[in-house]
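Residue numbers (my numbering), protein chains in the order written: chain A, 102 to 289; chain B, 279 to 442.
Note that CB positions come from ideal geometry on N, CA and C, so glycine has one too.
None of the values given here were measured: they were computed from a predicted structure.
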């Protein structure tokens, strides 16, 4: 009986309830965005897992990813984070904004071959009675710099999520070998 | 669609042990998830991880912790180990629970990033990102009590997640 999710004790799921939906790995030259479309309503929750590195050059200060749902680019999102940079903890938020920003990715100012990692849960994604909540654990380390971040966000819309767009917070490109896999989690 | 979240191995200690190892890990998954529920025979300490028997200074980490009174952050550079916890340490009173995600552990292009969450209800909670500066695929994982021993009943389970 596998244990799912970013907080081990959060879910206990029956065998066969966690399925791979699709994976995107960025090729040579990079891309501006990753899209998952036509997402089935077969599941109860979604999970995104992956590695990211962007073309932003900022001395290894890192770069986040942003998520938008169903091609909605309006100011229908909000987010919060709690972060540690190796010397201090900090927190920030945005309201009535056009994306969920999730921090913890790497940028191209860090050491070569270094990527940030994400485990992101999108909860009750097809429920048409609720706004949609996202939670994330993301982090990168560059042997002297780094960032580890808890993030949460909301899409203030009751529509079922059928598409997810991932871009760099900085609007730079996602580099080669950036990869995100989308999984579906079923409930009984 | 096929099941993609599978148990690989579980160790439940029948007697105290200084370390637990998972070896000959298949490269057939995308990510590995290690879940520990551990207690020490005495004192308190961090649970640490080494991969592929590498005990050189090829690791580093950035840590965010809740201490019960404040949020703090720390880091390690050129370290000889990964950390599963910090303020959510392992002790001889409570079973510390940690979960570690080894992302894209078998690719041979990138350094390996591991996300960990450490939890001890009486001491604190942690989120940690660890880096292993190697492009080698991870084929073995050793969990150690930094300078103590895990007590009988401690459990260590490794899962594999396979992407489409």
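Which residues in chain B sit within 7 Å of residue 187(A), going by Cβ to Cβ distance?
340, 351, 352 and 353
Given that a residue counts as buried once 16 or more other Cβ atoms are within 10 Å of its Cβ, and exposed if not, what is residue 118(A)?
buried
Could you say which of 372(B), 435(B) and 342(B) lies nearest to residue 320(B) if we only look at CA atoms?
372(B)
What does residue 440(B) reach in chain A if we use C-beta pairs closer than 8 Å?
121
Of the listed residues 259(A), 261(A), 125(A) and 273(A), nearest to residue 149(A) (C-alpha basis):
125(A)
Would you say the beta carbon of residue 367(B) comes nearer than 6 Å to a heavy atom of the ligand SAH?
Among the ligands in the structure shown, none appear at all, so the ligand SAH cannot be discussed.
Can you tell me whether DSSP reads residue 334(B) as helix, strand or coil?
coil
Give me the Cα-Cα distance between residue 236(A) and residue 182(A), rounded to the nearest whole angstrom.
10 Å
Bridge partners for residue 314(B) per DSSP, in chain order?
376(B) and 434(B)
Relative to chain A, which residues along the segment 394–428 of chain B have a C-beta separation below 8 Å, given in chain order?
395, 405, 406, 407, 408, 409, 411 and 413
How is residue 218(A) classed by DSSP in three states: helix, strand or coil?
strand
Host beta strand (DSSP E) of residue 242(A) (start-end)
233–242
Step through the CB atoms of chain B and report whether any lies within less than 7 Å of the CB of residue 249(A).
yes
For the segment 305–325 of chain B, list every residue whose C-beta sits within 7 Å of some C-beta in chain A, in sequence order.
308, 309 and 313
Throw me the rounded Cβ distance for the residue 267(A) and residue 223(A) pair, which I believe falls under 8 Å.
With 8 Å as the limit, residue 267(A) and residue 223(A) do not qualify as a contact, their Cβ atoms being about 12 Å apart.
How do the segment 387–400 of chain B and the segment 421–429 of chain B stand: do at least 3 beta-carbon pairs fall below 8 Å, yes or no?
no
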